[in-house]
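Chains W and F, in that order, are what the protein sequence lines are. In the working numbering, each number is its position in the first sequence, counted from 1, plus 8. In the working numbering, each number is its position in the second sequence, counted from 1, plus 8. For glycine and all other residues, C-beta sits at the position ideal for the given N, C-alpha and C. Everything numeric in this text was worked out from a predicted model, so none of it was measured.
Protein chains: 2
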Amino acid sequence: MRIGTKGDYGVRALIDLAMYGGDGPVQRAEIARRQHVPEAYLDHLLAQLRRAGFIRSMRGPSGGHELARPAEEVNLLQVLEALEGSLAPLPCLEDHEGEGTVCAQQWVWREIYDDMRERLQAVTLHDLAERERDRLQRGAVSYSI
Amino acid sequence: MRIGTKGDYGVRALIDLAMYGGDGPVQRAEIARRQHVPEAYLDHLLAQLRRAGFIRSMRGPSGGHELARPAEEVNLLQVLEALEGSLAPLPCLEDHEGEGTVCAQQWVWREIYDDMRERLQAVTLHDLAERERDRLQRGAVSYSI
DNA sequence: ATGATCTTGACCTGATTAGTCGTGAATCAG
DNA sequence: CTGATTCACGACTAATCAGGTCAAGATCAT
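And the structure:
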């Protein structure tokens, strides 16, 4: 469940779309510049986000990316699981039906994991974008990772 | 904060000592056999546990390992952090004084992380050993990882 | 057609994980 | 003292993953 640049950058890209995507699609290069993410890498993340149904992409001049669903309907858990895979701290907590394996301390981690997922589910892209707008107004600096 | 074999095996080794260490030290080979851990690998984990002050080791015939502190005074957080390093899901949550970097969604993760540490702190080696004794009595199978 | 843009897959580098192996050092029994 | 037993420690390796880069191609507005 460690969050890497994939998760961080990916979420930031979506926040960017939520903030600047009001009129027409937003270009990769713009997102990359604003969020300080290497453009070539962002490319892959956008592809993943598209396949997962979070964004729509349009090619050609004046093309770009936009949210496929309203920002209020997308939560952090969905996005992070799409980008990073399962967030389970132990393999045995992953929810494929045939549980099979059991690991030591499973009961402790189960609660932690469930709690975490709940909290992440409660946060929408809209919340994050608002928070970010606040932060920018305060003139805060934000180097990621 | 993903828990790997190090954390899993290491905790199991300590549980083993808590359960079978009543009279005299317990040998590496015994632990390895009971807990299904490769002995050569267990060696490293025991070394780490010793350096971190959780166990004492004696060489020679009838040597072995034993808990350095009573099982009630050792909690899961201490052990896991000694074995796996910081459990922070994001580097920016690590608590070295010069915070410097900030990452997106930090506020969400801070709560999750704090909650997790609290829960892990609340579980002692004694609790784990008891739980394990129960499980064995029920004849449960326990393949780790 | 053309140029900006997205799309895909191949590839690269360094770090980490999960171990193995071999040698050496302490301890104890006889 | 000698040898058996057990831990101690460092070197080595193989596989996987993170975090990227790069190049060729597909698409579409104009």
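Examine chain W for any beta-carbon lying closer than 8 angstroms to the beta-carbon of residue i, and answer yes or no.
i	result
R31 (chain F)	The sequence given here has Asp at residue 31 (chain F), not Arg. No, its Cβ sits nowhere closer than 8 angstroms to a Cβ of chain W.
E92 (chain F)	no
L22 (chain F)	no
V45 (chain F)	no
R41 (chain F)	no
L75 (chain F)	no
R131 (chain F)	As written in the sequence, residue 131 (chain F) is Val, which differs from the Arg given in the question. Chain W contact via Cβ: present.
D122 (chain F)	no
V34 (chain F)	no
L84 (chain F)	yes
E38 (chain F)	no
M27 (chain F)	no
I63 (chain F)	no
R146 (chain F)	no
Would you say residue i faces chain F, with C-beta separation under 8 angstroms as the test?
i	result
G113 (chain W)	Reading off the sequence, residue 113 (chain W) comes out as Gln, not Gly. Closer than 8 angstroms to some Cβ of chain F, the Cβ of Q113 (chain W) qualifies, so yes.
R141 (chain W)	no
E81 (chain W)	no
R6 (chain W)	Residue 6 (chain W) lies beyond the residue range present for chain W, which begins at 9 and ends at 153; the question has no answer from this structure.
E119 (chain W)	yes
Please work out which residues of its chain come closer than 7 angstroms, Cβ to Cβ, to residue i, disregarding the five sequence neighbours upstream and downstream, and give them in chain order.
i	result
Y121 (chain W)	A96, P97 and L101
P33 (chain W)	M66, G71, G72, H73 and E74
D51 (chain F)	R36
V87 (chain F)	G18, V19, L22 and F62
For residue i, does the three-state DSSP call read helix, strand or coil?
i	result
I11 (chain F)	coil
R77 (chain F)	coil
A67 (chain F)	Note that residue 67 (chain F) is Arg in the sequence shown, not Ala. In the structure shown, R67 (chain F) sits in coil (DSSP, three-state: anything other than H, G, I, E or B).
G72 (chain W)	strand
I23 (chain W)	helix
S152 (chain F)	Bear in mind that a pLDDT of 45 at S152 (chain F), under 50, signals an unreliable position, so the number given afterwards is only what the model happens to contain. Reduced to three states, the DSSP call for S152 (chain F) is coil.
If you follow the alpha helix (DSSP H) that residue i is part of, which residue opens it and which one closes it?
i	result
E126 (chain F)	Q114 to Q129
R42 (chain W)	R36 to Q43
A96 (chain F)	That residue, A96 (chain F), is in no alpha helix (DSSP H); it is neither H nor E in DSSP.
L54 (chain F)	E47 to R59
L144 (chain W)	L133 to Q145
For residue i, I'd like the list of residues in its chain whose CB is within less than 8 angstroms of its CB, leaving aside the five on either flank, ordered along the chain.
i	result
A83 (chain W)	Checking the sequence, you will find Asn at residue 83 (chain W) rather than Ala. Counting only Cβ-Cβ distances below 8 angstroms, and skipping sequence neighbours, we find L128, Q129, A130, V131, T132 and L133.
R125 (chain W)	L85 and L95
Q35 (chain F)	G71, G72 and H73
R118 (chain F)	L101
Since residue i contacts residue j with CB under 8 angstroms, what's their CB separation in whole angstroms?
i	j	result
Y17 (chain F)	L53 (chain F)	6 angstroms
A137 (chain F)	I23 (chain F)	5 angstroms
A60 (chain F)	A26 (chain F)	Incorrect: roughly 16 angstroms between the Cβ atoms, too far for contact.
E92 (chain F)	G15 (chain F)	5 angstroms
Q43 (chain W)	A21 (chain W)	6 angstroms
Q56 (chain F)	A90 (chain F)	7 angstroms
D135 (chain W)	D123 (chain F)	Between D123 (chain F) and D135 (chain W) the Cβ distance is about 19 angstroms, and since that is not below 8 angstroms, they are no contact.
When you measure from the CB of residue i to every non-hydrogen atom of the ligand NAD, does any distance come out below 7 angstroms?
i	result
G18 (chain W)	Of the ligands one can find in the structure shown there are none, so the ligand NAD has no counterpart to examine.
Might you give, ordered along the chain, the residues of its own chain that have their beta carbon closer than 6 angstroms to the beta carbon of residue i, omitting 5 neighbours on each side?
i	result
R64 (chain F)	E74 and A76
R58 (chain F)	S65
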